Amino acid sequence: MSAPVVRFAPSPTGRIHIGNARPALLNGLFARTSGGRFVLRFDDTDVERSRVEYAESIEADLHWLGVRPDLVVRQSDRFAFYAAAAERLKREGRLYPAYETADELDRRRKRQQARGLPPVYDRAALRLTPEQVAAFEAEGRRPHWRFRLDGRTVAWDDGVRGPCTVDCASLSDPVLVRADRSYLYTLPSVVDDIDLGITHVIRGEDHVTNTGVQIQLFEALGAPPPAFAHHNLLTTASGDGLSKRSGALSIGALRDEGVEALAVAAMAVMTGSSSALRPVASLDELAEGFDLSRLSRAPARFDEAELRTLSAKVLHGLPFAAVAPRLALFGIVGAKAEPFWDAVRGNLAHFAEAAEWWGVVEDVVEPVIEDAAFLTRAAAAMPSEPWDGDTWATWTAALKADTGRKGRALFHPLRLALTARDAGPDLKGLLPLIGRARAWDRIRGTPA
Ligand code: GLU
12 MSAPVVRFAP SPTGRIHIGN ARPALLNGLF ARTSGGRFVL RFDDTDVERS RVEYAESIEA
72 DLHWLGVRPD LVVRQSDRFA FYAAAAERLK REGRLYPAYE TADELDRRRK RQQARGLPPV
132 YDRAALRLTP EQVAAFEAEG RRPHWRFRLD GRTVAWDDGV RGPCTVDCAS LSDPVLVRAD
192 RSYLYTLPSV VDDIDLGITH VIRGEDHVTN TGVQIQLFEA LGAPPPAFAH HNLLTTASGD
252 GLSKRSGALS IGALRDEGVE ALAVAAMAVM TGSSSALRPV ASLDELAEGF DLSRLSRAPA
312 RFDEAELRTL SAKVLHGLPF AAVAPRLALF GIVGAKAEPF WDAVRGNLAH FAEAAEWWGV
372 VEDVVEPVIE DAAFLTRAAA AMPSEPWDGD TWATWTAALK ADTGRKGRAL FHPLRLALTA
432 RDAGPDLKGL LPLIGRARAW DRIRGTPA
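When you read off a place in the sequence shown, starting at 1, and then add 11, the result is the number in the working numbering.
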């Protein structure tokens, strides 16, 4: 069997949010674990609402999340394929013109409902005489085009939901091409899935009914349908859906706020699954044990506050190698960079705080002197170099013996003098990085 090919197919009509990150990552991880390819397809047939800027921001957001497409395609470049497919369906009697206006359809639906009938399109267009068609055309009406479903029940074995069926006899023949000749999503998606050799369609469960229709379209176009998997949708903690415009949860806003990409990825993938939410240090780690069948069928509620906590935990677990390029952007380079990261990471809520702590280690600090007499004794007890990870313990043990102080009374004046901050990473790790000369000056109240 050839390698899997999957796709993530956003419409570039807004910024993507954490709910869109779910299919993006589910597809990305699927490709990663199966040795397959990942296609980013922009569903931009709606030329009015689609924007190049949104497509660019989606690519940048995916890049930030660590999802790298092997191929990027735009539906707006591919209209000729859709036209050819539509012509084929017309020739084979599966795509037929209909002239009803939206108002006419609406009135008809209401009549059906009043009579207790399902509001399914009655295929009146198939019964039009050539004279009636000519009359509509003469009036200036242009047809829209409907796909003639066959009345079968379509069945597939869903990668998340198990055996699924859609009774196509209960659906209206879907409009594939509007009167203005623009395409609805249904046909272009299938044409592209065929042309790009998509083997697995992994998308939200809001598309289950579409899948029934689209499987018939694959068959009408002479192609075997791909495998389908429909994931549950992320909702807020109160169960509300996420719309593209739920700004604060857009990937861009989360990134700007300093939330870690791996926290967003872990949240997007693990929420609403049988995997317990946990911090990961790489997408490979997230991919380990990843399986679509772990997703549950209940709504995937996620808690924004938990996202922030998870983000801090992700930071605490990131090895130096994973952050070295980001540290370098803050000028945190050289031999000290790795011990520095190990000293501070467990204390960070946001990555950017590393820059502040680098300043404490490398820049001049105006010490805060709380207890000068105690600090004089601290200076006297300061161990000689070389300093290492034991120096803090040696120093404070000597000082404790000398002064009888312990706990906060012992440690806090030292912290204030050494860092000019009330709280922060363990001094065990920071002290050797500050070094004896600087530490001495700060303890003596001299900016250093
Ligand atoms: N553009 C569609 C959407 O965003 C794609 C659905 C699909 O994956 O087929 O819902």
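Every residue, glycine too, gets a C-beta built ideally from N, C-alpha and C.
All of these numbers come straight from a predicted model, not from anything done at the bench.
In terms of alpha-carbon separation, which member of the options lies closest to residue i?
i	options	result
Gln-404	Trp-369, Arg-60 and Pro-443	According to the sequence as given, residue 404 is Ala; it is not Gln. Of the listed residues, the one whose Cα sits closest to Ala-404 is Pro-443.
Glu-230	Val-186, Asp-204 and Glu-299	Asp-204
Phe-362	Ala-298, Ala-316 and Arg-266	Arg-266
Glu-381	Ser-181, His-423 and Ala-264	His-423
Thr-24	Glu-64, Ala-14, Ser-13 and His-241	Glu-64
Pro-236	Thr-247, Ile-213 and Asp-251	Ile-213
Gly-208	Leu-288, Arg-419, Val-17 and Val-270	Val-17
Arg-416	Glu-364, Asp-353 and Leu-386	Leu-386
Ser-307	Arg-172, Asp-399 and Arg-289	Arg-172
Leu-245	Arg-33, Pro-21 and Ala-459	Arg-33
Arg-192	Ala-91, Val-376 and Asn-358	Ala-91
Glu-373	Ile-262, Ala-97, Ala-135 and Arg-449	Arg-449
Asp-54	Ile-29, Arg-60, Thr-44 and Pro-21	Pro-21
Trp-156	Glu-268, Gly-215, Arg-102 and Ala-333	Arg-102
Trp-75	Gly-418, Val-84, Gly-269 and Ala-149	Gly-269
Val-344	Ala-366, Ala-389, Ala-96 and Arg-419	Ala-366
Gly-215	Leu-253, Leu-228 and Gly-233	Leu-253
How about residue i and residue j: are their beta carbons less than 7 Å apart?
i	j	result
Phe-19	Ala-42	no
Leu-37	Pro-80	no
Thr-164	Asp-178	yes
Ile-454	Ala-431	no
Ser-322	Ala-354	no
Leu-294	Gly-77	yes
Arg-447	Glu-364	no
Pro-199	Tyr-93	yes
Phe-331	Met-278	no
Ser-68	Arg-26	yes
Glu-271	Leu-326	yes
Arg-126	Arg-159	no
Leu-182	Leu-195	no
Pro-154	Ala-96	no
Can residue i be considered in contact with ligand 2, in the sense that its beta carbon sits closer than 6 Å to one or more heavy atoms?
i	result
Pro-21	Ligand 2 is absent from the structure shown, which contains only ligand 1.
Start and end of the beta strand (DSSP E) containing residue i?
i	result
Trp-156	155 to 158
Val-212	211 to 215
Thr-176	173 to 178
Phe-239	238 to 242
From the DSSP output, which residues share a beta bridge with residue i?
i	result
Ser-284	Leu-306
Arg-52	Val-84
Tyr-194	Val-188
Trp-167	Cys-175
Ala-109	His-155
Val-16	Arg-48
Leu-245	Ala-311
Around the C-beta of residue i, are 16 or more other C-beta atoms found within 10 angstroms, so that it is buried, or is it exposed?
i	result
Gly-39	buried
Asp-161	exposed
Gly-283	buried
Thr-222	buried
Gly-170	buried
Asp-413	exposed
Leu-137	exposed
Thr-7	It is not possible to answer for residue 7, since the shown part of the chain is limited to 12 through 459.
Gln-124	exposed
Arg-276	The displayed chain sequence assigns Ala, not Arg, to residue 276. Looking at its Cβ environment, which holds 16 or more other Cβ atoms inside 10 Å, Ala-276 is buried.
Thr-56	buried
Val-371	buried
Gln-143	exposed
Arg-356	buried
Pro-15	buried
Pro-129	exposed
Answer yes or no: does any C-beta atom of chain C fall closer than 7 Å to that of residue i?
i	result
Lys-411	Among the protein chains of the structure shown there is no chain C, as only one such chain exists.
Just reading off the alpha helix (DSSP H) that residue i is part of, what are its end residues?
i	result
Asp-452	447 to 454
Lys-411	402 to 414
Asn-221	219 to 231
Gly-263	262 to 268
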